[in-house]
Every structure is written in structure tokens, then in C-alpha cells.
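Everything below concerns the one structure shown next.
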Amino acid sequence: PNTVLKAYRELEREGLVEAKRGMGTFIRKSLGGAPADSPLHDELDGWARRARAAGMERDDVAALFASVLDQHFKGNGDA
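Numbering follows the numbering used here, in which position 14 of the sequence shown is assigned residue number 612; successive positions increment by one, without gaps.
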């Protein structure tokens, strides 16, 4: 039980799951299929660094990225 509890806490700390009292634990995010060493990861990493250097806050970057995702994935059930 302690090992499982530790695992759930780690997943929650990483923002991947959300515990709802009396209801259970639910997945919030997925790591997706792109590995961390993929060219897309490197491009996104560079973009995030430029956004931060430009003075953007995390929430602003997340909103901008979500907006672009919505443009490209609207109607696919992925947005």
C-alpha cells in the first residue's frame, strides 16, 4: 500500500493525475508518444526558451500554445 501511495503522489506532483476525495484518481495529462530525444521535443524546448527570454509568463505561454493546438487539432477530438 505504501508503494502504491508513493506512486500516486509522485504522479500527482508531476501533474499527470488528480485525486478527487471520495471519487478516485483521474488522469489529467499524458506524456504522449514523442520521446524526449525527438526533434519535435528539441524544437519545442527552443521555442519555450525564446518565449521565456521574451518575458512571457508560464500561463501566457500555456495559453498561447493551447490556442495554436486548438487551431491545428480542432474537430479531431484532440482539442
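All C-beta atoms, glycine included, are put in the ideal place defined by N, C-alpha and C.
CB of residue i within 7 angstroms of CB of residue j, strictly
{"i": "R626", "j": "E616", "result": "yes"}
{"i": "A583", "j": "V659", "result": "Here the chain covers residues 599 to 677 and nothing more, so residue 583 does not appear."}
Which of helix, strand or coil DSSP assigns to residue i
{"i": "E612", "result": "coil"}
{"i": "S665", "result": "helix"}
{"i": "L603", "result": "helix"}
Terminal residues of the beta strand (DSSP E) in which residue i lies
{"i": "G653", "result": "Premise fails: G653 is in no beta strand (DSSP E) and is neither H nor E."}
{"i": "G622", "result": "G622 to I625"}
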